[in-house]
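Taking it in order: structure first as structure tokens, then the write-up.
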Amino acid sequence: MAACQRFEQIKFFRRKIQAFGDLLKKGFADQSSQEVDYLDRIQGAASRMSVLIRDLLAFSRISTQRDHSGLLPLTDVLQSALIDLDMVIQETGATVSLDPLPMVVGDAVQLGQLFQNLLSNALKFRQKDRPPVVEVTYEWIAAANLPPDVLPSRTALAYHRINVTDNGIGFDEKYKHRIFQVFQRLHGKSIYSGTGIGLAICEKVVANHGGAITASSQPGRGATFTVYLPL
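In the numbering used here, the protein residues as written are 146 to 376.
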């Protein structure tokens with residue numbers, strides 16, 4: 146509750162900075178562009194701070210307990226995420242395909258955050274010369290057949306394995322563990338927006354559901370994020 150109150154205070158001050166900045170820009174209307182540029186930078190920094198605090202709050206809100214856990218269709222979770230991303234999909238000309246997905250036990254809000262972050266990244270880190278192609282595939286896997294580096298937070302006899310694969314810019318696999326840490330970015334913030342918290346949220350959600358998440362990629366050849374959820 147205290148964190149939420151602090152965030153509301155920060156949003157209030159950010160709006161004040163924005164409003165006073167707009168007034169000052171009107172006052173500098175006849176001045177050189179340098180003064181206006183400085184004001185734009187101040188307003189931009191305030192806006193980025195607000196986004197950062199928002200993402201940190203989202204990260205902290207993912208408790209170790211699921212607030213509304215129940216049996217739910219994972220297809221509906223993905224479809225809701227795609228609806229939220231519809232504008233970006235249209236703007237980029239992206240193609241997104243989904244395998245039939247299973248029923249899972251989980252928190253719909255947290256799982257929605259998980260897949261919206263993964264899909265959003267697949268659309269964001271796209272190649273400049275081609276539209277994004279994103280494939281969400283599914284298979285069932287026995288615990289005995291899990292890759293050695295996959296260590297779910299809860300033991301089960303079998304797991305749902307969901308792959309989110311894209312044709313984007315990819316990344317060097319030597320960073321495949323680092324990308325799930327808070328504030329870690331592999332690509333320049335001047336080119337790709339974001340706070341470096343999204344994948345940390347993904348890992349926290351998956352762990353909270355007893356599963357695991359891994360990543361594989363090659364620079365220039367896309368990436369695959371694999372989510373394991375216990376049956």
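Glycine is no exception: its CB is placed at the ideal position from the N, C-alpha and C atoms.
Supposed close pair residue i, residue j - CB separation, criterion 8 Å
| i | j | result |
| --- | --- | --- |
| Thr371 | Asn308 | 5 Å |
| Leu376 | Leu302 | 7 Å |
| Asp311 | Val278 | 7 Å |
| Ser214 | Val250 | 6 Å |
| Ala345 | Gln326 | 6 Å |
| Ala239 | Leu268 | 6 Å |
| Leu243 | Tyr304 | Between Tyr304 and Leu243 the Cβ distance is about 19 Å, and since that is not below 8 Å, they are no contact. |
With 16 other Cβ atoms within 10 Å as the buried cut-off, status of residue i
| i | result |
| --- | --- |
| Leu264 | buried |
| Asp317 | exposed |
| Leu216 | exposed |
| Glu348 | buried |
| Ala368 | buried |
| Ser335 | Residue confidence for Ser335 is low, a pLDDT of 48 falling below 50, so the modelled location carries little weight and cannot support an answer. |
| Ile207 | buried |
| Gly315 | buried |
| Ile228 | exposed |
| Asp231 | exposed |
| Gln258 | buried |
| Gly313 | buried |
| Asp252 | buried |
| Gly365 | exposed |
| Ala164 | exposed |
Counterpart residues of residue i in DSSP-defined beta bridges
| i | result |
| --- | --- |
| Phe370 | Val309, Ala360 |
| Ser242 | Glu280 |
| Met248 | Pro218 |
| Pro375 | Tyr304 |
Check whether residue i and residue j have beta carbons under 7 Å apart
| i | j | result |
| --- | --- | --- |
| Gln255 | Val350 | yes |
| Gly356 | Pro293 | no |
| Ala226 | Gln261 | yes |
| Tyr283 | Leu223 | no |
| Lys321 | Ala360 | yes |
| Arg306 | Ile286 | yes |
First through last residue of the alpha helix (DSSP H) which encompasses residue i
| i | result |
| --- | --- |
| Leu223 | 219-229 |
| Ala288 | Taken as a continuous stretch (DSSP letters only), Ala288 belongs to no alpha helix (DSSP H), as it is neither H nor E. |
| Gly257 | 253-269 |
Enclosing beta strand (DSSP E) for residue i [first to last residue]
| i | result |
| --- | --- |
| Ile346 | Segment 343-353 is the alpha helix (DSSP H) holding Ile346; no beta strand (DSSP E) there. |
is_contact[residue i, chain B] using C-beta, thresh 7 Å
| i | result |
| --- | --- |
| Leu302 | Reference to chain B is not applicable here, since this structure consists of a single protein chain. |
Contact test: residue i Cβ vs the ligand NAP heavy atom, cutoff 6 Å
| i | result |
| --- | --- |
| Thr371 | As far as ligands go, the structure on display features none, and thus does not contain the ligand NAP. |
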